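I have placed the structure first, in the form of structure tokens, so that the comments after it can refer back to it.
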Amino acid sequence: MKAASASTTLLRSSGSKGSVGRHLSTVYGENATKILPLEVDATNTATRDQQLVRVLREICPSFFETSHNYHEQSSATHGVERRDDHTMTIQPLLGGLSNQLFVWKRPDSSSSVLFRIHPRSEVEIVNRETENRILVMLSQQGDAPLFYGRFANGRVEEFYDNHRPLSCREMNTYAAEIAALLARLHRKHVPPQVLTPTDDGHLWTRLEEWFRMASQQQPEQRRITTDSTLMLERLQFEWTWLQSVLRPTQSRCTTKAINGTADAAPTQGTPAQQAQDFLDEIVLTHMDCQSLNLLRPDSNDDGNESASSKAGPLRLIDFEYAGLNPRAADIANTFCEFCDMNNMRADYEREYPSEDVQNEFFRAYLKDLECSSLLAGQQEEFLTAMRLHVGKYTLLSHLGWAVWSLVQHNLSDIEFDYLAYAQHRMDGYELFKAKFWR
Numbered sequence: 128m129k130a131a132s133a134s135t136t137l138l139r140s141s142g143s144k145g146s147v148g149r150h151l152s153t154v155y156g157e158n159a160t161k162i163l164p165l166e167v168d169a170t171n172t173a174t175r176d177q178q179l180v181r182v183l184r185e186i187c188p189s190f191f192e193t194s195h196n197y198h199e200q201s202s203a204t205h206g207v208e209r210r211d212d213h214t215m216t217i218q219p220l221l222g223g224l225s226n227q228l229f230v231w232k233r234p235d236s237s238s239s240v241l242f243r244i245h246p247r248s249e250v251e252i253v254n255r256e257t258e259n260r261i262l263v264m265l266s267q268q269g270d271a272p273l274f275y276g277r278f279a280n281g282r283v284e285e286f287y288d289n290h291r292p293l294s295c296r297e298m299n300t301y302a303a304e305i306a307a308l309l310a311r312l313h314r315k316h317v318p319p320q321v322l323t324p325t326d327d328g329h330l331w332t333r334l335e336e337w338f339r340m341a342s343q344q345q346p347e348q349r350r351i352t353t354d355s356t357l358m359l360e361r362l363q364f365e366w367t368w369l370q371s372v373l374r375p376t377q378s379r380c381t382t383k384a385i386n387g388t389a390d391a392a393p394t395q396g397t398p399a400q401q402a403q404d405f406l407d408e409i410v411l412t413h414m415d416c417q418s419l420n421l422l423r424p425d426s427n428d429d430g431n432e433s434a435s436s437k438a439g440p441l442r443l444i445d446f447e448y449a450g451l452n453p454r455a456a457d458i459a460n461t462f463c464e465f466c467d468m469n470n471m472r473a474d475y476e477r478e479y480p481s482e483d484v485q486n487e488f489f490r491a492y493l494k495d496l497e498c499s500s501l502l503a504g505q506q507e508e509f510l511t512a513m514r515l516h517v518g519k520y521t522l523l524s525h526l527g528w529a530v531w532s533l534v535q536h537n538l539s540d541i542e543f544d545y546l547a548y549a550q551h552r553m554d555g556y557e558l559f560k561a562k563f564w565r
């Protein structure tokens, strides 16, 4: 997640004009397994910034260099000039609920880099090895920020300058563009060395692990309260029920991303059955497609933009929770994010996308997948079935982020009311359970 920077630290460092670009001159670039053995202590403000500088010099030394015809250089040293005493800045970013974020900027360059510092914990809520393999694959394909390299407790990647995150209220305006972004991701072939094949989706085992983590927290650990204990009991009850009614069986679940048929449409059965079969297919999913992870070129319009004045294409970032899952799960999570949950003031009934907006999304999604033939017959029946089936998956989104919040409530050092967020998500869960499972 990204938001406005909280503060700026000025440093004096060597550097000059130039662009980091796609020139990755060290062994760390686009390498998911090579890790620089340096750690950054984000809590120690006295030394943190110098630690970040040291990491950057090792992983991305080209950021401190200028090169004539930079993109045409065959090595990191040919045609390079070095200058001393150049002002650079490190800007902490607010809004990260899983990592601490810092942006390294150079005033005389349009290129910046982002540091992600992972939380210190013996328990990992995110599988960092999997995350980095996915990000390297997408970076190489131009569908994610450039992957500059890993260090002991984090990663350095490209930062999109002159972009801003969408506001929650812009999600409706950009529904078709968001659909196209997800379709582009969902149609990708994923080698088994990047992601282990799954019969029903990685999210089910991920949530099982989060429930295990939440239940194994001991009462003497910090932040364990009666409220969190009661919340966990409630979530466990709903989790048992939801698996019984929603978890796909192999007989109705096809792994499109692994077998290389991610853009092939089902052709058998009624329109309603085709819609369900299509949405249950296992594809590469983002699972956190929300306004703060959708960036657009910054036109200084303060979010007051009409559909006819869009400044440029959207970019999708933050692939921490990506995996192989039913496409319905990713779309449902995205629809939930049309509601203003980042500020914990969602009006679920009013902000969940209307039928017209959902239909616009589905048409754009199917068009990008070249599956518009699914709409050739009984279009209204097909779209109605898609809305209903996606609606059922909204419960998985709400429940999943609620248990995630309980784990973070017990583990995270980030100042955020995770328990209140869990309750807010369960408010949505109850409303959509009544709406889509009555």
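Going by the working numbering, the sequence shown opens with residue 128, and the numbers climb by one from there. Backbone N, C-alpha and C define an ideal beta-carbon position, used for all residues, glycine too. Every value quoted in this text rests on a predicted model; they were computed, and no experiment measured them.
State buried or exposed for Asn289, treating a residue as buried only when at least 16 other CB atoms are found within 10 Å of its CB.
By the neighbour-count criterion, in which a residue is buried when 16 or more other Cβ atoms sit within 10 angstroms of its Cβ, Asn289 is exposed.
In three-state terms, what does DSSP make of Ala491?
helix
On the criterion of 16 or more Cβ atoms from any shown chain inside 10 Å, does Lys519 qualify as buried, or is it exposed?
buried
Starting from the C-beta of Pro164, find all residues in its chain whose C-beta is less than 7 Å away, skip the five residues before and the five after it, and write them out in chain order.
Ala279
One or two residues paired with Pro453 in a DSSP bridge
Ile409
Taking Cβ to Cβ, would you say Tyr556 is nearer than 9 Å to Ser532?
no
Going by DSSP, what residue range makes up the alpha helix (DSSP H) through His551?
Per DSSP, His551 is one residue of the alpha helix (DSSP H) stretching across Tyr545 to Phe563.
Closer than 8 Å is the cut-off here; do at least three beta carbon pairs connect the segment 450-460 with the segment 406-421?
yes
Minimum C-alpha distance to Arg375 - residue among Asn299, Trp331, Tyr448 and Met513
Checking the sequence, you will find Pro at residue 375 rather than Arg. The shortest C-alpha separation from Pro375 is found at Trp331.
List the DSSP bridge partners of Glu284.
Leu241 and Phe274
Would you kindly work out how many angstroms separate the C-alpha atoms of Pro188 and Gly276, rounded to a whole number?
12 Å
Should the segment 232-246 be called in touch with the segment 256-266, which here means at least 3 C-beta pairs below 8 Å?
No, they do not touch.
Use the C-beta contact count for Thr412: other C-beta atoms within 10 angstroms, 16 or more gives buried, fewer gives exposed.
buried
Which first and last residues belong to the beta strand (DSSP E) in which Val230 is found?
Gln227 to Lys232
According to DSSP, what are the bridge partners of His290?
Pro424
Can you give me the Cβ contacts of Pro424 inside the same chain, cut-off strictly under 7 Å, excluding the 5 residues immediately before and after it?
Asn289, His290, Ala438 and Gly439
The segment 298-314 touching the segment 489-503, judged by at least three CB pairs closer than 8 Å:
Pairwise C-beta distances place the segment 298-314 in contact with the segment 489-503, as three or more of them are shorter than 8 Å.
Pop quiz: Leu334 and Gly156 are said to be a contact at Cβ under 8 Å. What is the actual Cβ separation, rounded to whole angstroms?
Between Gly156 and Leu334 the Cβ distance is about 34 Å, and since that is not below 8 Å, they are no contact.
Determine the burial state of Leu357: buried for a count of at least 16 other Cβ atoms within 10 Å of its Cβ, exposed for fewer.
The residue in question, Leu357, is exposed, as its Cβ has fewer than 16 Cβ neighbours within 10 Å.
Host alpha helix (DSSP H) of Leu362 (start-end)
Thr353 to Leu373 is the extent of the alpha helix (DSSP H) around Leu362.
Go ahead and label Gly396 buried or exposed: buried means 16 or more other beta carbons lie within 10 angstroms of its beta carbon, across all protein chains shown.
exposed
Beta-carbon separation (whole angstroms), Ile217 vs Leu273, contact threshold 8 Å:
So it is not a contact: roughly 19 Å between Cβ atoms.
With DSSP collapsed to three states, give me the class of Thr332.
In the three-state DSSP reduction, Thr332 falls in the helix class (H, G or I).
How many angstroms separate the CA atom of Gln401 from the CA atom of Lys315?
21 Å
So, is Gly504 buried or exposed, given that buried needs 16 or more other C-beta atoms within 10 angstroms?
exposed
DSSP three-state call for Met513: helix, strand or coil?
Helix at Met513.
Roughly how many angstroms separate the alpha carbons of Thr257 and Phe364, rounded to a whole number?
Approximately 29 Å, taken between the alpha carbons.
Distance, Cα to Cα, His551 vs Val154?
Distance from the CA atom of His551 to the CA atom of Val154, rounded to whole angstroms, is 44 Å.
On the premise that Asn420 lies in contact with Asp445, defined as a C-beta separation below 8 Å, what is that separation, rounded to the nearest angstrom?
4 Å
Host alpha helix (DSSP H) of Asp176 (start-end):
For Asp176, the uninterrupted alpha helix (DSSP H) segment begins and ends at Arg175 to Ile186.
Among Met215, Ser225 and Tyr475, the one whose alpha carbon lies nearest that of His536:
For the residues Met215, Ser225 and Tyr475, the minimum Cα distance to His536 belongs to Ser225.
Reduced DSSP category for Gln485 - H, G, I as helix; E, B as strand; rest coil
helix
Could you have a look at Gln268 and say whether DSSP puts it in helix, strand or coil?
Correct three-state label for Gln268: coil.
Run the CB neighbour count on Pro324, radius 10 Å, all protein chains shown included, and call it buried at 16 or more, exposed below.
exposed
Report yes if the CB atom of Gln515 is closer than 9 Å to the CB atom of Phe509, and no otherwise.
Rather than Gln, the amino acid found at residue 515 in this sequence is Leu. A distance of 9 Å or more separates the beta carbons of Leu515 and Phe509.
Sub-9 Å separation of Ile186 and Val283 beta-carbons:
yes
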